[in-house]
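Asker: Numbering (the UniProt record's numbering), first residue to last: 1 to 68.
Next up is a structure, given as structure tokens.
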């Protein structure tokens, strides 16, 4: 089974366990995903560490029930 076939099978059955595949199958899928990310950087998943500049930062919440 090649990487594309495995990805298609996982798309059809998302709850399918990876332990049903061989180590070679899993490595082939990882390589296919890596190549797809290199060929199309928009497919690369990254975790943001800072808010995007276009996102307004939220001001600290003030207590509504302040006692003067």
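Beta carbons: idealized from backbone N, C-alpha and C, even for Gly.
#1: What span of residues does the alpha helix (DSSP H) with residue 7 cover, start to end?
#2: Can you grab the Cα-Cα spacing for the pair residue 35 / residue 5, in whole Å?
#3: Compare the beta carbon distance of residue 3 and residue 28 with 8 Å and say whether it is the shorter of the two.
#4: Would you report the Cα separation of residue 89 and residue 21, rounded to the nearest angstrom?
#5: Short of 7 Å in beta carbon distance, which residues of its chain neighbour residue 9, apart from the five on each side in sequence? Order them along the chain.
Answerer: On the basis of the data shown:
#1: 3-12
#2: Spanning the two alpha carbons is a distance of roughly 16 Å.
#3: yes
#4: Examination of residue 89 is not possible in this model, given that the chain is present from 1 through 68 alone.
#5: 16
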